[in-house]
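Participant: With UniProt numbering as the guide, the letters of the sequence shown map in order to residues 1 to 329.
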Amino acid sequence: MMHRRLGQDDFRQAVADAKARHLLSEIIGRKTKLKPRGKREMVGLCPFHEERSPSFEVNDDKGTYHCWGCGAVGDAMTFLTKGEGLSFRDAFQMLAGDTFPVISDEERTKRKQDAADATARRIRIGQDCWRRALPSEGTAAEAYIRYRGITAPLPNTVRFAELNYRDQESGDVIASRVPAMVCALQDAAGLVVGVQRIYLAPDGRGKLDVAKPKMSLGIIVGSAFRAAGHDIGSATQVIACEGPEDGLSLAQEIPDRPVLVACGTALLSRLDLPSQVREITLAGDKNAAGRTAVEQSRTVYLDRGIDVVEMYPAAGFKDYNDQLRGVRM
């Protein structure tokens, strides 16, 4: 077999080259109809679970897919093996052969450069929002954190800003100068690459009364809000959870352990961890979505050679902030 004849590095490169020959949308498009959404992504009904509204995204530049409904993630090889039931060998042979349309080297190079440029632009936008934000002390951001029962000192990863709230489809301003809690999103190296904005009520006692009061800018997938502060030092054990409020609650209750917030249930499995991390504690919500996210994340991190511990709120509580405040289900 080929992987016995080649060294490990050569084998991995051969697989990477085979995947790079094709657009992922061409492969997946045989199984589900995909439509463009924005400049970089395509969306359609998920081929891994039944759904009526499309939540399955394909990014040709990255060569990856992600379903926001069931949490399915992967690349061309993953889709052919898990989605179509092929063996790894058969999937590789299909990608290395002429089963699918092949993109030229010139097109591949252009796509990589375009993707790199787009990523750089997104990071600049997120960093600009973070730089313009103000310290959170004495603002509606601090009022919101205290309203949520968190009494610990505010971390340096939380700031305050007054921002326009825009319609996500049209871009029209729905509300002007809305107070917002701005959370820094950092990559594995600690660089701020984005922000999550939580739009607040005028006095900070709750979120803005809109369907989606949390919005993100910059690089979201893989980055994390560090709930105890920018620097996690040389920590080899971390806690990971879904939302900023839970993260701040956990950081208060377990101050000796860095807390990384994925800022999304489906993103819990996609954190890019600092290289020294050897163990991750998955702090899940106590509901079906939370348990599914933890189960899927457990497999992902174990496959990456990282030890996994699971934990959930005490009986009667949905999440860790509810537990902190004594709010039962």
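Every residue, glycine too, gets a C-beta built ideally from N, C-alpha and C.
Since the model is a prediction, treat every value here as computed from it, not as a measurement.
1. Run the CB neighbour count on G44, radius 10 Å, all protein chains shown included, and call it buried at 16 or more, exposed below.
2. Provide the residue(s) that pair with P135 in DSSP beta bridges, ordered along the chain.
3. With a cut-off of 8 Å, do at least 3 Cβ pairs link the region 234-246 to the region 256-274?
4. If you draw a straight line from the alpha carbon of Q296 to that of I306, how long is it in whole angstroms?
5. Going by alpha carbons, who is nearest to Y165 out of M77, M215 and Q127?
6. Answer yes if the region 181-198 comes into contact with the region 226-234, meaning at least three C-beta pairs across the two stretches below 8 Å, and no otherwise.
7. Taking DSSP's pairing of strands, which residues face L260 in a bridge?
8. Quick check on the DSSP output: what are the complete alpha helix (DSSP H) runs of length 4 or more inside the region 281-313, in order along the chain?
9. Can you tell me whether D322 is buried or exposed? The criterion is at least 16 other CB atoms within 10 Å of its CB, across all chains shown.
10. Tell me whether Q276 is buried or exposed, calling it buried when 16 or more other Cβ atoms sit within 10 Å of its Cβ.
11. Would you call R4 buried or exposed, if buried means 16 or more other Cβ atoms sit within 10 Å of its Cβ?
12. Excluding sequence positions up to five away, which residues of its chain have a Cβ less than 7 Å from the Cβ of K207?
13. Can you tell me whether DSSP reads R197 as helix, strand or coil?
14. Do you know how far the Cα of R148 is from the Cα of R328?
15. Quick one: residues in its chain with C-beta nearer than 7 Å to the C-beta of D167, no 5 flanking neighbours on either side, listed in chain order?
16. Would you check if the distance between the CB atom of T157 and the CB atom of C129 is smaller than 8 Å?
17. For M311, I'd like the list of residues in its chain whose CB is within less than 8 Å of its CB, leaving aside the five on either flank, ordered along the chain.
18. Around the C-beta of K19, are 16 or more other C-beta atoms found within 10 angstroms, so that it is buried, or is it exposed?
Facilitator: To lay it out plainly:
1. Along the sequence shown, read from residue 1 onward, the residue named residue 44 stands at position 44. Buried is the label assigned to G44, since at least 16 other Cβ atoms lie within 10 Å of its Cβ.
2. Counting from one through the sequence shown, the residue named residue 135 turns up at place 135. The secondary-structure analysis by DSSP pairs P135 across a beta bridge with R159.
3. By the Cβ rule, the region 234-246 counts as touching the region 256-274, because three or more pairs are nearer than 8 Å.
4. By one-based count along the sequence shown, residue 296 stands at place 296. By one-based count along the sequence shown, residue 306 stands at place 306. If I take the Cα positions, the gap works out to 14 Å.
5. Taking the sequence shown and counting its residues from 1, one reaches residue 165 at position 165. That would be M215, whose Cα lies nearest to the Cα of Y165.
6. Per the Cβ contact rule, the region 226-234 is in contact with the region 181-198 (3 or more Cβ pairs under 8 Å).
7. Your numbering for residue 260 matches position 260 in the sequence shown. DSSP, once it has assigned bridges, lists R226 and A240 as partnering L260.
8. Runs of the alpha helix (DSSP H) inside the region 281-313: 288-303.
9. Mapped onto the sequence shown, residue 322 falls at position 322. Buried is the call here.
10. Locating residue 276 in the sequence shown gives position 276, where the first residue counts as 1. With fewer than 16 neighbouring CB atoms inside 10 Å of its own CB, Q276 falls in the exposed class.
11. For the purposes of this step, residue 4 is identified with residue 4 of the sequence shown, where counting begins at 1. With a pLDDT of 45 at R4, under the threshold of 50, the modelled position of that residue is not reliable, and the figure given next carries that caveat. Around the beta carbon of R4, fewer than 16 other beta carbons lie within 10 angstroms, which makes this residue exposed.
12. Residue 207 sits at position 207 when you count from the first residue of the sequence shown. I198, Y199, L200, A201 and P213.
13. Looking up residue 197 in the sequence shown gives position 197. In the structure shown, R197 sits in a strand (DSSP, three-state: E or B).
14. In the sequence shown, residue 328 corresponds to position 328, counting from 1. In the sequence shown, residue 148 corresponds to position 148, counting from 1. Their Cα atoms are separated by approximately 14 Å.
15. Walking along the sequence shown from the start, residue 167 turns up at place 167. Contacts found: I174.
16. As a working mapping, residue 157 is identified with position 157 in the sequence shown. As a working mapping, residue 129 is identified with position 129 in the sequence shown. No. Outside cutoff.
17. Taking the sequence shown and counting its residues from 1, the one referred to as residue 311 is at position 311. Around M311: T281, L282, A283 and G284.
18. Here the question's residue 19 lines up with position 19 in the sequence shown. Residue burial annotation: K19 is buried, with at least 16 other C-beta atoms found within 10 angstroms of its C-beta.
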